[in-house]
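A.B. asks: Numbering (the working numbering), first residue to last: 55 to 366. We put the beta carbon where it would ideally sit given N, CA and C, even for glycine.
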Ligand SMILES: NC(=O)c1ccc[n+]([C@@H]2O[C@H](COP(=O)([O-])OP(=O)(O)OC[C@H]3O[C@@H](n4cnc5c(N)ncnc54)[C@H](O)[C@@H]3O)[C@@H](O)[C@H]2O)c1
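#1: Which runs of the alpha helix (DSSP H) at least 4 residues long sit entirely within the segment 257–308? Give them in chain order.
#2: Rounded to a whole number of angstroms, what is the C-alpha to C-alpha distance between residue 267 and residue 224?
#3: How would you call residue 287, buried or exposed, if buried means at least 16 neighbouring beta carbons within 10 angstroms?
#4: I need the boundaries of the beta strand (DSSP E) containing residue 338, first residue and last residue.
#5: Provide the residue span of the alpha helix (DSSP H) that contains residue 203, from first to last.
#6: Beta-carbon separation of residue 331 and residue 232 under 8 Å?
#7: Under DSSP, the beta strand (DSSP E) around residue 145 begins and ends at which residues?
#8: State yes or no: is the C-beta of residue 316 within less than 8 Å of the C-beta of residue 358?
#9: Can you list, in chain order, the residues of its chain whose CB lies under 6 Å from that of residue 269, leaving out five sequence neighbours each side?
#10: Report the partner residues of residue 319 according to the DSSP bridge assignment.
#11: Check each candidate in 146, 342 and 363 and name the one with the smallest Cα separation from residue 202.
#12: Got a sec? Which residues, its chain only, sit under 7 Å from residue 248 by beta carbon, not counting five neighbours each side?
#13: Run through DSSP, which three-state label would residue 61 get?
#14: Any heavy atom of ligand 1 closer than 7 Å to the CB of residue 224?
#15: So, helix, strand or coil for residue 349, using DSSP?
#16: Is residue 115 near residue 126, with beta carbons less than 8 Å apart?
#17: Around the C-beta of residue 55, are 16 or more other C-beta atoms found within 10 angstroms, so that it is buried, or is it exposed?
#18: From the DSSP output, which residues share a beta bridge with residue 185?
#19: For the alpha helix (DSSP H) containing residue 159, name the first residue and the last one.
#20: Does DSSP put residue 170 in a helix, a strand or coil?
#21: For residue 224, does the three-state DSSP call read helix, strand or coil?
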């Protein structure tokens, strides 16, 4: 049976990915320091997984958790742009030094494949749409920079040591278990929780900014395909849906699904935020056979059903 390590497994994407891997019959180990992840995300599967509580900044902890592992899904990171602007060094330590620790441990343990969670933020405020992988890497936040460096290390470790790596540039992922309560929560869970409490959601900027909001199931499929492609060579590929929607449309859709008629508040644009993001996913199809299977409309319905059941 394949043993997979999910770093950041207590987080939103990680805890969904673990369930996906268990369904595929894999053995799963988690490395997480519970900085933004939650124990309750793992509670109902606790007896099916091994949890190592530790920090990716600690090389020894990473080394221990990589032991006997075939595939590493490296998802642990500080994922917030605003937090990275406030605390660039902490973001660097976790996202870059932590990544280097993971690469070093994978190399030493001869791990077969490392799948790294990169981000569309590496493109910065590109005015070319849809964004394709031939564009310049031009992040406009320390978070974006940290992900770009992670990708470069991934390529270099393939070139230098033959470690099979791949970087997946996720675009605004949403779905069950995405935390609305954290100080740095993402837009969709914040909108949902505000509306469920009958309070106005806050939209930064005029709401006409667009994003390739991507339902979590697409990301799980992409991770799986990246782990199981015959070979990888440090490629960096976009993982998203094929179309973008505006933030105003997102809020209107959530209002409709929750049956709430509450007007949003508008606030000034946030530092580090980009105006539009939309991915060209043709390279992902070529490299790992990825195609999005769940649209925004289908995904948001499933996410809202989950929040209705779980947010009370
Ligand atoms: N959610 C998105 O839209 C999105 C988009 C692009 C990229 N990503 C990337 O995907 C990955 C997962 O994101 P997520 O949305 O699930 O975020 P999340 O915050 O829910 O999960 C991150 C996990 O990493 C853990 N972690 C943080 N610092 C750690 C450390 N020093 N040592 C060990 N564990 C640590 C956290 O406790 C948490 O469980 C991240 O790398 C993020 O940058 C996410």
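C.D. replies: If we stick to the structure as given:
#1: 270–282
#2: 10 Å
#3: It counts as exposed.
#4: Counting along the chain, residue 338 falls outside any beta strand (DSSP E), though it belongs to the alpha helix (DSSP H) covering 336–342.
#5: Element bounds for residue 203: 196–215.
#6: no
#7: Not the beta strand (DSSP E): residue 145 falls in the alpha helix (DSSP H), residues 142–146.
#8: No.
#9: 229, 348 and 353
#10: 256
#11: Closest by C-alpha distance to residue 202, out of 146, 342 and 363, is 146.
#12: 254 and 255
#13: strand
#14: yes
#15: coil
#16: no
#17: exposed
#18: DSSP, once it has assigned bridges, lists 333 as partnering residue 185.
#19: 152–163
#20: strand
#21: strand
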